[in-house]
Amino acid sequence: VSPATRAIDTDEAAAKNDSGRNYNLAGPQSADETVSAKPVILNSKNYILAPEAFQKIAIKALLKYNWKIEANEATRVQGSYIKSGKTYKVELRYTGDTIVIGFVPGFHHSSNGWLRSLAKQLKDEVAAQRRETEAQRYLNK
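Residue numbers for the sequence shown follow our numbering, beginning at 456 and rising by one.
(1) In its own chain, which residues sit with a C-beta less than 8 angstroms from the C-beta of Ala-583, not counting the 5 before and 5 after it?
(2) Any idea if Tyr-478 is buried or exposed, counting beta-carbon neighbours within 10 angstroms, 16 or more meaning buried?
(3) Short of 6 angstroms in beta carbon distance, which residues of its chain neighbour Phe-509, apart from the five on each side in sequence? Order them along the chain.
(4) According to DSSP, is Lys-493 part of a helix, a strand, or is it coil?
(5) Using 8 angstroms for Cβ pairs, my map puts Val-555 next to Leu-504. What's the rounded Cβ distance?
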């Protein structure tokens with residue numbers, strides 16, 4: 456029996472044939488896929504929102520960027536977005552003192568650019584609602 460044939464039958468084969476290359480395509484994921492972006496937190500005291508108003512504004516902000524609404528509650532709105540075959544999910548939560556905009560674990564992105572855009576749109580919607588309320592108050596005088 457040749458030495459090569461003998462090595463196949465023993466543990467020597469693993470040591471001799473290991474060239475340090477990793478051909479495991481399903482191996483460790485890249486940092487982009489494993490690290491979620493930090494959520495954006497807004498102080499809701501600055502916006503004077505009721506939960507119903509938050510819900511309406513959060514839905515408008517998600518729809519502005521073509522997110523599909525998946526959960527719609529008074530203090531929590533969740534949306535999903537598919538890009539390049541990958542699904543991302545974001546959740547906007549109203550906790551009374553804060554508004555938290557963050558990715559749902561397992562459906563996240565490493566950058567918080569989308570979260571910042573949603574936060575900006577939320578602020579814009581609050582400002583528009585405030586202007587509308589002021590205009591109604593002025594008309595009713």
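Just so you know, even glycine gets a beta-carbon here, dropped at the ideal spot from N, CA and C.
Answer, in terms of the structure:
(1) none
(2) Because the pLDDT of Tyr-478 is 41, which lies under 50, any placement of that residue in the model is unreliable, and the question is left without a value.
(3) Tyr-549
(4) coil
(5) The C-beta distance from Val-555 to Leu-504 rounds to 13 angstroms, too long to fall under 8 angstroms, and the pair is not in contact.
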